[in-house]
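In the working numbering, the protein residues as written are 1 to 103.
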(Lines of atoms letter the chains of each structure in order from A and count residues from 1; the text may use other names and numbers.)
(Lines give C-alpha, C1' and ligand atoms only; values in the text may rest on other atoms or scores of the structure.)
Protein backbone atom coordinates (compact mmCIF):
# COMPACT_ATOMS: atom_id res chain seq x y z
CA UNK A 1 0.00 0.00 0.00
CA UNK A 2 2.93 2.32 0.70
CA UNK A 3 4.15 2.00 -2.91
CA UNK A 4 0.68 2.81 -4.26
CA UNK A 5 0.31 5.88 -2.03
CA UNK A 6 3.91 6.94 -2.66
CA UNK A 7 3.38 6.92 -6.42
CA UNK A 8 0.49 9.41 -6.15
CA UNK A 9 1.31 11.47 -3.02
CA UNK A 10 4.47 12.75 -1.32
CA UNK A 11 5.36 12.90 2.38
CA UNK A 12 2.74 10.33 3.49
CA UNK A 13 4.07 8.13 6.30
CA UNK A 14 3.04 4.65 7.35
CA UNK A 15 1.62 6.15 10.57
CA UNK A 16 -0.60 8.47 8.49
CA UNK A 17 -1.97 5.49 6.58
CA UNK A 18 -2.58 3.51 9.80
CA UNK A 19 -4.41 6.49 11.35
CA UNK A 20 -6.56 6.89 8.24
CA UNK A 21 -7.47 3.19 8.22
CA UNK A 22 -8.42 3.35 11.93
CA UNK A 23 -10.76 6.31 11.33
CA UNK A 24 -12.19 5.20 7.96
CA UNK A 25 -15.73 3.85 8.61
CA UNK A 26 -16.04 1.75 5.41
CA UNK A 27 -12.61 0.21 6.16
CA UNK A 28 -13.75 -0.70 9.69
CA UNK A 29 -16.98 -2.25 8.39
CA UNK A 30 -15.01 -4.42 5.96
CA UNK A 31 -12.74 -5.65 8.78
CA UNK A 32 -15.65 -6.40 11.14
CA UNK A 33 -17.55 -8.34 8.47
CA UNK A 34 -15.75 -11.61 9.21
CA UNK A 35 -17.45 -14.54 7.54
CA UNK A 36 -18.29 -17.47 9.74
CA UNK A 37 -17.59 -20.98 8.52
CA UNK A 38 -20.28 -23.54 7.93
CA UNK A 39 -21.43 -25.11 11.18
CA UNK A 40 -21.53 -28.84 10.66
CA UNK A 41 -23.67 -31.01 12.90
CA UNK A 42 -21.91 -34.36 13.29
CA UNK A 43 -23.70 -37.57 12.38
CA UNK A 44 -23.94 -39.73 15.47
CA UNK A 45 -24.22 -43.47 14.91
CA UNK A 46 -25.37 -45.67 17.75
CA UNK A 47 -24.69 -49.13 16.36
CA UNK A 48 -22.56 -50.95 13.80
CA UNK A 49 -23.90 -50.72 10.20
CA UNK A 50 -26.53 -48.10 11.11
CA UNK A 51 -24.77 -45.53 8.89
CA UNK A 52 -22.11 -45.90 6.26
CA UNK A 53 -20.35 -44.13 3.45
CA UNK A 54 -19.84 -45.74 0.04
CA UNK A 55 -17.49 -44.57 -2.68
CA UNK A 56 -16.52 -46.00 -6.06
CA UNK A 57 -12.95 -45.79 -7.35
CA UNK A 58 -12.67 -45.94 -11.13
CA UNK A 59 -9.92 -48.20 -12.48
CA UNK A 60 -11.21 -48.45 -16.07
CA UNK A 61 -7.88 -47.19 -17.41
CA UNK A 62 -6.02 -49.95 -15.49
CA UNK A 63 -8.48 -52.83 -15.02
CA UNK A 64 -7.56 -55.94 -13.05
CA UNK A 65 -8.99 -58.60 -15.31
CA UNK A 66 -12.72 -57.88 -15.58
CA UNK A 67 -12.76 -55.67 -12.45
CA UNK A 68 -12.88 -52.00 -13.40
CA UNK A 69 -14.12 -50.48 -10.13
CA UNK A 70 -13.45 -50.78 -6.41
CA UNK A 71 -16.29 -50.12 -4.00
CA UNK A 72 -15.13 -48.62 -0.69
CA UNK A 73 -17.59 -49.12 2.18
CA UNK A 74 -16.90 -47.45 5.55
CA UNK A 75 -18.99 -47.79 8.70
CA UNK A 76 -19.42 -44.41 10.46
CA UNK A 77 -19.28 -45.74 14.01
CA UNK A 78 -16.27 -48.05 13.84
CA UNK A 79 -14.57 -46.69 10.69
CA UNK A 80 -14.42 -50.33 9.52
CA UNK A 81 -13.63 -50.46 5.78
CA UNK A 82 -14.64 -53.09 3.23
CA UNK A 83 -13.17 -53.06 -0.30
CA UNK A 84 -15.03 -54.95 -3.03
CA UNK A 85 -13.91 -55.30 -6.67
CA UNK A 86 -16.71 -54.65 -9.20
CA UNK A 87 -16.99 -55.33 -12.91
CA UNK A 88 -19.59 -52.58 -13.44
CA UNK A 89 -20.97 -49.74 -11.38
CA UNK A 90 -24.60 -50.71 -11.87
CA UNK A 91 -26.73 -50.38 -8.74
CA UNK A 92 -27.56 -54.10 -8.58
CA UNK A 93 -23.88 -55.07 -8.51
CA UNK A 94 -23.00 -52.39 -5.96
CA UNK A 95 -25.90 -53.40 -3.70
CA UNK A 96 -24.81 -57.04 -3.69
CA UNK A 97 -21.40 -55.98 -2.34
CA UNK A 98 -22.73 -54.03 0.65
CA UNK A 99 -22.23 -55.72 4.02
CA UNK A 100 -25.22 -53.93 5.59
CA UNK A 101 -27.90 -54.66 2.98
CA UNK A 102 -31.41 -55.50 4.15
CA UNK A 103 -32.50 -59.03 3.30
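Just so you know, even glycine gets a beta-carbon here, dropped at the ideal spot from N, CA and C.
Since this is a predicted model, take the numbers as computed values, not measurements.
> Under the three-state reduction of DSSP, which class applies to residue 16: helix, strand or coil?
Replying inline: helix
> Based on the DSSP output, what are the partners of residue 82 in its beta bridges?
Replying inline: 73
> Do residue 72 and residue 83 have their C-beta atoms within less than 8 angstroms of each other?
Replying inline: yes
> CB residue 43 to CB residue 51, shorter than 8 angstroms?
Replying inline: yes
>> Taking the alpha carbon of residue 56 as the reference point, which residue from 15, 23 and 88 has its own alpha carbon closest?
In response: 88
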